[in-house]
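Start counting the sequence shown at 103; every next residue gets the next number (our numbering).
To keep things clear, I will list the structure first and then write my remarks on it.
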Amino acid sequence: MRRTWALPDPEASGAASAGDPPLRASIARVYDAALGGTHNLEIDRQVLAQVRAVAPEVDDLAWSNRRFLGRAVRFLAEQSGVRQFLDCGSGLPTAENTHQIVLRTDPTARVVHVDTDPTVIAEGGALVAGDPWCRFVAADVFEPAQVLGHEDVRDLLDLAEPLALLQVGTLHHHSGDDGAELMQEYVDALPSGSWVVVAHFLDPGAEGLGPLARRMEQVFLHSPMRSGVFRAREQIAAFLPGLEIIPPGPGRPGELELCDLWWPDGPRLRPLNPVQQCIAGAVARKP
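This is how it looks when you write it as structure tokens:
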């Protein structure tokens, strides 16, 4: 059953007690709500409702992100030869988590999920309890040194061997101008042959879609969640410094592509709606 805590009284003073609801929406819980999950609170559903008022199809952002993650991870697990995965900002456990996709291909592959949300760590840790090849780690994905230096990360992953770094649906929650710098720090730490996967809210800049992206961004930024930046293609591409972006489809050059159009599982019978054209992704390899 969903928990239905009410929003706290904004005039109330003092710290919240352990049984009180969170004062801010959680990125992981809003994402869960958009996917139709049950690990979310009233404050999270209010944020989602605010965005739906601007873009009724906003749930498609979450689903486009989730399906892209599944296809990208399946590709890496089945074809890249990489057997180590560092999933940054993994979110709340749902069906088809990164480790579930990976371990179907190779039960000895190693997967570390990283998040700052205590609920993610608690529920994710319970999900993989007893699995020696998978862990949920509490660390800030916007602090590469903190993530890469974490004891559990170094214990499970060999950072001298190629690995797959996933930043799927995370970097648009970093509002600073140093996003490319933090990704450069990650990339510099990866050995040759490693892979990087990125999915990010896109400002298409096209007439009719650019204003939609801006409106959604303003709702996200002024909501209790306080994050959700829509960036242009060249800004997102800057998160893949010096990497070889693989073609997003047959006969295509290596470039950023809308998440729903990146190697889809079958022919598309319906056109993308405007919101689905506001999230893009890429898979890239370090030479």
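Cβ coordinates follow ideal geometry from the N, Cα and C atoms, glycine included.
Using only alpha-carbon positions, find the residue among Ser192, Gly353, Gln181 that is nearest to isoleucine 129. Of the candidates Ser192, Gly353, Gln181, the one whose C-alpha sits nearest the C-alpha of isoleucine 129 is Ser192.
Ends of the beta strand (DSSP E) at histidine 302? Judged by DSSP secondary structure, histidine 302 falls within the beta strand (DSSP E) whose first and last residues are 297-303.
Run through DSSP, which three-state label would alanine 179 get? The DSSP-derived three-state label of alanine 179 is helix.
Does phenylalanine 322 come out as helix, strand or coil in the three-state DSSP assignment? Reduced to three states, the DSSP call for phenylalanine 322 is helix.
Please report the straight-line C-alpha distance between leucine 194 and proline 355, rounded to a whole angstrom. Cα-Cα distance, rounded: 34 angstroms.
Have a look at leucine 205 and leucine 363 and give me their C-alpha separation to the nearest angstrom. Answer to the nearest angstrom: the Cα atoms are 25 angstroms apart.
Straight-line gap, isoleucine 338 to aspartate 257 (C-alpha atoms, nearest Å): Approximately 31 angstroms between the Cα atoms of the pair.
What do you get for proline 246, buried or exposed, if any count of 16 or more other CB atoms within 10 angstroms of its CB means buried? Buried, by the Cβ-count rule.
Which residue or residues does DSSP assign as beta-bridge partners of valine 216? Valine 216 is bridged to Cys190, Val239.
Which stretch, first to last residue, makes up the beta strand (DSSP E) that contains isoleucine 381? That run of the beta strand (DSSP E) goes 381-387.
Spell out a yes or no on whether the region 281-298 and the region 174-190 are touching, meaning 3 or more CB-CB pairs, one atom from each, closer than 8 angstroms. Contact holds between the region 281-298 and the region 174-190, because three or more Cβ pairs, one in each stretch, are under 8 angstroms apart.
Contact check, valine 300 vs glutamine 269, beta carbons under 8 angstroms: Closer than 8 angstroms, so yes.
Do the region 343-355 and the region 139-154 touch if we need at least three Cβ pairs shorter than 8 angstroms? Output reads no: the region 139-154 does not touch the region 343-355.
How long is the line joining the alpha carbons of tryptophan 297 and alanine 340, rounded to whole angstroms? Rounded to whole angstroms, tryptophan 297 and alanine 340 show a C-alpha spacing of 15 angstroms.
How is alanine 174 classed by DSSP in three states: helix, strand or coil? DSSP places alanine 174 within a helical segment (H, G or I) once states are collapsed to three.
Spatial neighbours of proline 306 in its chain, beta-carbon cut-off 7 angstroms, leaving aside the 5 residues before and after: Residues of the same chain with a CB within less than 7 angstroms of the CB of proline 306, apart from the 5 flanking positions on each side, are Gly312, Ala315, Gln379, Cys380 in chain order.
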